[in-house]
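In the working numbering, the protein residues as written are 1 to 292.
In this text, a Cβ means the ideal position worked out from N, Cα and C, and glycines have one as well.
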Ligand SMILES: Nc1nc2c(ncn2[C@@H]2O[C@H](COP(=O)(O)OP(=O)(O)OP(=O)(O)O)[C@@H](O)[C@H]2O)c(=O)[nH]1
Ligand SMILES: [Mg+2]
């Protein structure tokens, strides 16, 4: 599959998920590391991903990136400030970058992301990277989409407070303290180590990076790759993928039921659900599909 075909397929997934599913299910199933990058707006996720791409390319690995609702674009290699390099990166068949709106999601991730990731794996990329802005539901949901979650922090973004937020400590597998070229980074780093120690977590999951000059990127790529290999070896990956399918199914079920509920005119919530389920079953019996 070339980039044009992949891009077309993603549009089909977004616009006609049921039709896309028919094609998707016949593609060979492949598995590669799916790495999620989350964190507050502006902490440097896209810039860091650019560096990760460059590192993976230097290792001859192919990379696909999906950015959900990005507010800042990828430089597509411009981080090196080299136009020739940028052109090369842009034309590089080994790198595929796509942005997706978070539309249709119930405060969380665009549910197309599940099929898009499956497609990118089937297309044979060595790595799939997913960028989500770490706010609200999307931050929690990236856990289901990605095998390994990287939480990006940087000084001056209220991340010191964010560390205290319940749940954040459980979400990530790797913690990146980015913008290490700036002042204020050490105190954030120390606080993070303190929190992790207090929570009984492994502090070796912390990496200091500068997405601007590339320091720490090699270590980050090593860490995420090693972690993923461990998931494979321990059988945990299979479990994670099952949880992903289940979560995807739940999202679809909720949306389908909501659609049928919106057609029901009843003030009794129990009757409304019953009636919605009835018309859904009726449609299924007639072989028209559930209408997801
Ligand atoms: N000094 C310094 N600046 C950085 C670093 N990483 C990113 N930046 C800058 O921070 C700003 C935001 O970077 P992005 O990569 O767009 O951040 P993001 O997290 O993707 O932002 P959203 O997509 O809006 O959530 C840009 O101006 C970057 O140049 C870094 O390591 N050091
Ligand atoms: Mg971004």
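At a cut-off of 7 Å, the beta-carbon of residue 39 counts as near ligand 1: some heavy atom of the ligand is closer than that. The beta carbon of residue 248 is closer than 8 Å to those of 111, 114, 144 in its chain, skipping five residues each way along the sequence. Note on residue 33: 16 or more other CB atoms within 10 angstroms of its CB, so buried under the neighbour-count rule.
Taking the Cα positions, residue 152 is about 7 Å away from residue 45. At a cut-off of 7 Å, the beta-carbon of residue 67 counts as near ligand 2: some heavy atom of the ligand is closer than that. Here the alpha carbons of residue 264 and residue 27 stand approximately 38 Å from one another. Each of 63, 175, 100, 123 was checked against the Cα of residue 129, and the nearest Cα belongs to 63. Annotated three-state conformation of residue 194 is helix, per DSSP. Exposed is the label assigned to residue 202, since fewer than 16 other Cβ atoms lie within 10 Å of its Cβ. Shown here, residue 224 sits in a helix according to DSSP, grouped into three states. In this structure residue 55 does not touch residue 207 by the C-beta definition: roughly 13 Å separates them, more than the 8 Å allowed. In this structure, the alpha-carbon of residue 275 lies about 10 Å from that of residue 281. When distances are taken from the beta-carbon of residue 181 to the heavy atoms of ligand 1, the shortest one is below 7 Å.
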